[in-house]
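From first to last, the protein sequence lines stand for chains A and B. First residue of the first sequence: 584, per the numbering used here; consecutive thereafter. First residue of the second sequence: 584, per the numbering used here; consecutive thereafter. Even for Gly, the Cβ is constructed at its ideal location relative to N, Cα and C. The structure displayed is predicted, hence computed values, not measured ones. Presented below is the structure to which this report refers.
Protein chains: 2
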Amino acid sequence: MTDIGESESDISTDVSALPMLSHSVSYTSIQKPPFVVSVIGSGNWGTTVAKIIAENTRENPLLFEQKVRMWVYEEEFEGSNLSDIINTEHVNKKYLPGIKLPDNLVAVPDLLEAVQYSNILIFNIPHQHLEKILSQLRGNIDPRARAISCLKGLRVNLDGVELLPDIIQDALGIHCGVLAGANLAQEVAEQRFSETTVGYPLPADYKPGDVDHTVLYTLFHRPYFHVHVIEDIAGISCAGALKNIIAISVGFVEGLEWGDNAKAAMLRRGLLEMIKFGRKFFPGCLVSSFTEESAGVADLFTTCTGGRNFKLAKIMAQTGKSAHEVEKEILNGQSAQGLITAKEIHELIKNKGCEEEFPLFETTYQILFHGVRIGILPYMLENKWSISKPNYSS
Amino acid sequence: MTDIGESESDISTDVSALPMLSHSVSYTSIQKPPFVVSVIGSGNWGTTVAKIIAENTRENPLLFEQKVRMWVYEEEFEGSNLSDIINTEHVNKKYLPGIKLPDNLVAVPDLLEAVQYSNILIFNIPHQHLEKILSQLRGNIDPRARAISCLKGLRVNLDGVELLPDIIQDALGIHCGVLAGANLAQEVAEQRFSETTVGYPLPADYKPGDVDHTVLYTLFHRPYFHVHVIEDIAGISCAGALKNIIAISVGFVEGLEWGDNAKAAMLRRGLLEMIKFGRKFFPGCLVSSFTEESAGVADLFTTCTGGRNFKLAKIMAQTGKSAHEVEKEILNGQSAQGLITAKEIHELIKNKGCEEEFPLFETTYQILFHGVRIGILPYMLENKWSISKPNYSS
């Protein structure tokens, strides 16, 4: 590591001293570096992203305040508070054991204290906790802050699809982008080579000096974690949710031992339906976000060669058991996100009367929830080119 | 099988009777169905494609002459001529054992007899035999015939790249398309679900009734073998050759156990370089041929999860042995096509002065042939977005 602004011993981990930051923040002025960064969430991915950020803030003192605060949902682990363990031992022993964290990364158990004075908020919590966190934050953050969501998925209902960054943006009134990619957290934490995609359109009130693509690149890029910044939040978000349905269809084929050609076919047809879905519900999203980005084709590749959704489907195909039985017996009650997504997407496209445009998604749903035989998949996909081939002009 | 025009017993397998076809062919008139189809080549992929074609000609007697001739390089197998085995037992015991062939598929050991009166020629021979076959065919085929090449690869030299369909076209004066996809021959022969891509731009002298996309779809599509017909021969051909270099880079990462994120990253960066290469040397080729077709992303997925190139690179990474040693010791002297392609592409892009635009291809070459360490790959790929991101307007 080069370009370290302070020696390590200068960095206080006294949480009470944190609000005393090295530059003054005015809520009415335009944002200017050095930016203060907070991470909301400290699971395995949250801690991993916080580690990356703290490595980069230390190396770029002109751009970022070195100290990075990470909100920790306080819990006891081996007789100590998790936040104390992180701040004294610099390891998140519960969620990311064995990975040394930079000592300029500071765990803060109080949510509002963790985000006070922050210019850049990184959301990295489970989807289901988002509402509660947002209601606590409302009115308690710098309204000129910028945000990045590392949350997975979409919010799907019968009438349409909401993007999680939009939900954050609407709740807090702050501009929010997204980060996603072929990023198994443990591999990134171990600094094995990975890539990611950041989606961040510049906000309407952007002025030079504000958070931009260069700032975000510098915040996330590491020699082992390559970043590409684009503008398409919707494409990244759709790919991140729909990949789980496709992984299920690939798992079915794997379980029946149809071979590599068939797995590649499911992946490809799934990719086309992903694009079609994205373009239908978010006409501005780009085909290239799906076909060329880490958050698109690369994450799809990773998800379709392993993971919980793939495994569940494979076991269903091998044993003839129902999705529910496999979840209960094999996955120890852990839910496979693809099941939920397949159901939500089915209900949406049925309500919109467009199931026939998504034969892979729809057939996967029917196999999962209505006992339709897997062997029907090729027939459902046959002669649907005119339907399944995405219709776009770019 | 439905829609069979004749009962099976009506179909003669007497080779000497073959030229007596059921419609007259005039060399000066425009082509009209029923089309007579010949397959040149009878290896495992050649026999598999011939099987598909014979299944389809039987089911579509208005469009195709039922009998399909397959040229067999005559050799002895278990004391009999291979062509006799195929014509009496309806199995290619040497190259596709265990797979029953339709009895309207007839093996013909004489090349010119196999193609006489044919309207559609399917080339399916090893690359290295192409010149010899073309010189034998020259002047001995219907000049209005149409052709499809199932050959793999490109012809690369210091000055540029030639497409194999163009070589066939130039040698014989007949219009030639291409067929490629995620098609492991054995899986297709066993009728496991697969997809393929046919590239066929309509020829300048096309008139209604001639071979078109519908004819080719009907000739190749099966319930277990789904066909998409496009026009982009160059995109399909580039993808089919360059995938082998990418599989080597993925194999390196697999051998070093860098994990799934890194494999996905190599695949993605390789895909981008593939597109960039295609657009540079064939400006008319389409991004979607790489990112959305079976011959593109699906075949890349299959090639990067197995096969000889992937395996060679994985063993190199695990053992520290040279490519040459691994070829000799592990692959029993079989050559890995990716080695040859990596070298040819390196020489071309070096001669053109554009190695820096292809950091993955170039670094893979340097690792293979000049002992550069695999660990350098992420550094070579870093900060090259502006270079590696394909520059195209579509």
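Element boundaries [beta strand (DSSP E), containing residue i]
i	result
Thr780 (chain B)	Ser777 to Gly782
Glu745 (chain A)	Gly743 to Leu746
Val620 (chain B)	Phe618 to Ile623
Leu704 (chain B)	Ile703 to Phe706
Phe647 (chain A)	Phe647 to Trp654
Ile731 (chain A)	Arg729 to Ser732
Val739 (chain A)	Leu737 to Asn740
Cutoff 6 Å; reference residue i; Cβ partners in own chain excluding five residues on either side
i	result
Gly736 (chain B)	His710 and Ala824
Leu895 (chain A)	Val909 and Ala919
Met963 (chain A)	Pro942 and Thr946
Pro791 (chain B)	none
Thr611 (chain A)	Its pLDDT being 41, under 50, Thr611 (chain A) is placed unreliably by the model, and nothing is read from it.
Ala772 (chain B)	Thr631, Leu679 and Ile682
Leu883 (chain B)	Lys826
Arg891 (chain B)	Ala919
Residue interval of the alpha helix (DSSP H) (run including residue i)
i	result
Gly818 (chain B)	Ile816 to Gly838
Gln769 (chain A)	Ala768 to Ala772
Trp628 (chain A)	Asn627 to Glu642
His809 (chain A)	Segment Phe808 to Ile813 is the beta strand (DSSP E) holding His809 (chain A); no alpha helix (DSSP H) there.
Gly760 (chain A)	First-last for Gly760 (chain A): His758 to Ala763, but that is the beta strand (DSSP E), not the alpha helix (DSSP H).
Ile682 (chain A)	It is not in any alpha helix (DSSP H) - Ile682 (chain A) carries neither H nor E in the DSSP assignment.
Leu713 (chain A)	Leu713 to Leu720
Asp667 (chain A)	Leu665 to Glu672
His907 (chain B)	Ala906 to Glu912
Asp882 (chain B)	Asp882 to Thr886
Pro961 (chain A)	Leu960 to Leu964
Where residue i sits in the DSSP three-state scheme
i	result
Phe860 (chain B)	helix
Arg891 (chain A)	helix
Val608 (chain B)	Interpretation of Val608 (chain B) is limited by its pLDDT of 41, a score under 50 that renders its predicted location unreliable; no figure is taken from the coordinates.
Gln949 (chain B)	helix
Phe865 (chain B)	coil
Val698 (chain B)	helix
Glu876 (chain A)	coil
Ala1031 (chain A)	A query on residue 1031 (chain A) cannot be resolved here, the shown segment of chain A reaching from 584 to 977 and no further.
Phe660 (chain A)	strand
Asn934 (chain B)	helix
Val794 (chain B)	coil
Ala896 (chain A)	helix
Val870 (chain B)	helix
Ala848 (chain A)	helix
Ala754 (chain A)	helix
Phe919 (chain B)	The question names Phe, yet the displayed sequence has Ala at residue 919 (chain B). In the structure shown, Ala919 (chain B) sits in coil (DSSP, three-state: anything other than H, G, I, E or B).
Whole-Å CB distance - residue i paired with residue j, under 8 Å assumed
i	j	result
Ile819 (chain B)	Thr780 (chain B)	6 Å
Ala768 (chain A)	Thr631 (chain A)	5 Å
Phe835 (chain B)	Ala730 (chain B)	Wrong, their Cβ atoms sit about 38 Å apart, outside the cutoff.
Glu837 (chain A)	Lys897 (chain A)	5 Å
Val621 (chain A)	Ala697 (chain A)	This sequence places Ser at residue 621 (chain A); Val is not what is there. Going by Cβ atoms, the distance from Ser621 (chain A) to Ala697 (chain A) rounds to 5 Å, so yes, they are a contact pair.
Ile623 (chain A)	Leu746 (chain A)	The Cβ separation is near 18 Å, so there is no contact.
Cys887 (chain A)	Asp815 (chain A)	With 8 Å as the limit, Cys887 (chain A) and Asp815 (chain A) do not qualify as a contact, their Cβ atoms being about 22 Å apart.
Gly921 (chain B)	Ile831 (chain B)	5 Å
Buried or exposed by the 16-neighbour rule on C-beta atoms within 10 Å, applied to residue i
i	result
Gly766 (chain B)	According to the sequence displayed, residue 766 (chain B) carries Asn and not Gly. Asn766 (chain B) comes out buried.
Arg851 (chain B)	buried
Arg721 (chain A)	exposed
His758 (chain B)	buried
Gly732 (chain A)	One detail in the question is off: residue 732 (chain A) reads as Ser in this sequence, not Gly. Result: buried.
Asn844 (chain B)	buried
Glu876 (chain B)	buried
Ser718 (chain A)	exposed
Asp742 (chain B)	exposed
Asn707 (chain B)	buried
Glu840 (chain B)	exposed
Asp725 (chain A)	buried
Proximity test, residue i beta-carbon vs the ligand COA heavy atom, cut-off 6 Å
i	result
Ala896 (chain A)	Among the ligands in the structure shown, none appear at all, so the ligand COA cannot be discussed.
Proximal residues to residue i (C-beta, below 8 Å), its chain only, five neighbours per side dropped
i	result
Leu684 (chain B)	Thr630, Ala633, Lys634, Ala637, Ile669, His673, Val674 and Asn675
Cys937 (chain B)	Lys863
Same chain only: Cβ atoms within 7 Å of residue i, ignoring 5 sequence neighbours per side
i	result
Leu688 (chain B)	Ala633, Lys634, Ala637, Val651 and Met653
Val812 (chain B)	Val781, Tyr783, His796, Leu799 and Tyr800
Glu856 (chain B)	Phe941, Leu943, Phe944 and Ser971
Residue-level contact to chain E via CB, residue i, 7 Å cutoff
i	result
Ser732 (chain B)	The chain labelled as chain E is not found among the protein chains of the depicted structure, namely A and B.
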